[in-house]
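Here the structure is laid out as structure tokens; the discussion comes afterwards.
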Amino acid sequence: DTAVSQTPKYLVTQMGNDKSIKCEQNLGHDTMYWYKQDSKKFLKIMFSYNNKELIINETVPNRFSPKSPDKAHLNLHINSLELGDSAVYFCASSKGREKETQYFGPGTRLLVL
Amino acid sequence: GEDVEQSLFLSVREGDSSVINCTYTDSSSTYLYWYKQEPGAGLQLLTYIFSNMDMKQDQRLTVLLNKKDKHLSLRIADTQTGDSAIYFCAESDSYSGAGSYQLTFGKGTKLSVIP
Chain B
2 DTAVSQTPKY LVTQMGNDKS IKCEQNLGHD TMYWYKQDSK KFLKIMFSYN
52 NKELIINETV PNRFSPKSPD KAHLNLHINS LELGDSAVYF CASSKGREKE
102 TQYFGPGTRL LVL
Chain P
7 GEDVEQSLFL SVREGDSSVI NCTYTDSSST YLYWYKQEPG AGLQLLTYIF
57 SNMDMKQDQR LTVLLNKKDK HLSLRIADTQ TGDSAIYFCA ESDSYSGAGS
107 YQLTFGKGTK LSVIP
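Sequences listed follow chains B and P, in order. Going by this note's numbering, the final residue of the first sequence carries number 114, and the count climbs one at a time with no gaps. Going by this note's numbering, the final residue of the second sequence carries number 121, and the count climbs one at a time with no gaps.
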């Protein structure tokens, strides 16, 4: 059974479009995250949510808006996509209490043309 | 700010041992992790070590932690072609409140295993 899943796996779109990426975890975790991995494989945190509440909001353009309808889901909406948004976006989750181990989804490969 | 450094490439022959090194700057790190990323795939948690431990062994994997030098290493015994991947060292340092920890990743070491 998939622990952390993301849809879509691949996303190719034109500059200026608005798109969403969805993430779901069935681990019963309280905290979820979005990371961005650029073409050089650098991984950087973007956001984290705990029980639907925004905790971490790194320096990310406000074109990116995370939404957490419940603690098992964390979606990422991106407005007015730019070429530089092309990357792999990883969702992760953690228990958020005693243990800090984060489990990652398979990634969404976004290509902006 | 926090920083995690790794060498970018490592090449070993099949059957040899691989040692991937990592240094970090934040002495308040509580957990240190190794993640594996195969081509076109997501991040797979390999192992982690709590900062009050010196060593952790898990089958072919041995993690060594030198807290004084802030140096972490991952040793893979009997390296196989299936071990070819990028290995990321990460530290969990910043507690951002409400059960949310920020992972800081190294840039990844690309391990190539020569048959």
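Every residue gets a Cβ at the ideal spot worked out from N, C-alpha and C, and that includes glycine.
Check                                                                                                                                                                                    : Outcome
Rounded to a whole number of angstroms, what is the C-alpha to C-alpha distance between PHE91 of chain B and GLU97 of chain P?                                                           : 17 Å
Would you mind sorting SER17 of chain P into buried or exposed? The rule is 16 or more other CB atoms within 10 Å of its CB.                                                             : exposed
Answer yes or no: does any C-beta atom of chain P fall closer than 8 Å to that of GLN103 of chain B?                                                                                     : yes
Within 10 Å of its beta-carbon, does THR85 of chain P have 16 or more other beta-carbons around it, so buried, or fewer, so exposed?                                                     : buried
Can you tell me which of P:GLN43, P:VAL10, P:GLY21 puts its alpha carbon nearest to the alpha carbon of GLY108 of chain B?                                                               : P:GLN43
Going along chain P, which residues have a C-beta under 8 Å from LYS23 of chain B?                                                                                                       : Per Cβ cutoff of 8 Å: no residues; LYS23 of chain B is ~15 Å from chain P at best.
Are the beta-carbon atoms of LYS76 of chain P and SER33 of chain P separated by less than 8 Å?                                                                                           : yes
Considering only the alpha carbon of each residue, which of B:LYS41, B:ASN80, B:PRO9 lies closest to PHE94 of chain P?                                                                   : B:LYS41
Name the two residues that bound the continuous beta strand (DSSP E) containing THR115 of chain P.                                                                                       : 115–120
Listing by chain order, which chain B residues have their CB less than 9 Å from the CB of ALA3 of chain P?                                                                               : No answer is possible for residue 3 of chain P: the residues shown for chain P start at 7 and end at 121.
The stretch 51–65 of chain P: which residues have C-beta closer than 8 Å to a C-beta of chain B, in chain order?                                                                         : LEU51, TYR54
Is it the case that the stretch 62–76 of chain B contacts the stretch 16–28 of chain B, given that we only count it when at least three CB pairs across the two stretches are under 8 Å? : yes
Going by C-alpha to C-alpha distance, which of P:VAL119, P:ASN72, P:SER23, P:LYS113 sits closest to TYR41 of chain P?                                                                    : P:LYS113
What does the alpha-carbon distance come out to for the pair GLY48 of chain P and ASP71 of chain B?                                                                                      : 24 Å
Name the two residues that bound the continuous beta strand (DSSP E) containing ARG19 of chain P.                                                                                        : 15–19
Quick check on ASP39 of chain B: does DSSP put it in helix, strand or coil?                                                                                                              : coil
Using 10 angstroms around the beta-carbon of SER24 of chain P, count the other beta-carbons present and answer buried if the total reaches 16, otherwise exposed.                        : buried
Could you tell me the boundaries of the beta strand (DSSP E) in which ASP75 of chain P lies?                                                                                             : That residue, ASP75 of chain P, is in no beta strand (DSSP E); it is neither H nor E in DSSP.
For a cutoff of 8 Å on Cβ pairs, would you count LYS42 of chain P as touching chain B?                                                                                                   : no
Check LEU114 of chain B in the structure and name its three-state DSSP category.                                                                                                         : coil
Can you list the residues of chain P that LYS72 of chain B reaches, using a CB-CB cut of under 7 Å?                                                                                      : Correct list: empty, because the minimum Cβ distance to chain P is about 11 Å.
Going along the stretch 34–54 of chain B in order, which residues come within less than 9 Å of chain P, judged by CB to CB distance?                                                     : TYR34, TYR36, GLN38, LYS41, LYS42, PHE43, LEU44, LYS45, ILE46, SER49, TYR50, ASN51, ASN52, GLU54
State the Cα-Cα distance for the pair LEU78 of chain P and LEU117 of chain P, rounded to the nearest angstrom.                                                                           : 16 Å
May I ask you to report which of helix, strand or coil DSSP gives ASP89 of chain P?                                                                                                      : helix
From the DSSP output, in three-state form, read off LEU51 of chain P for me.                                                                                                             : strand
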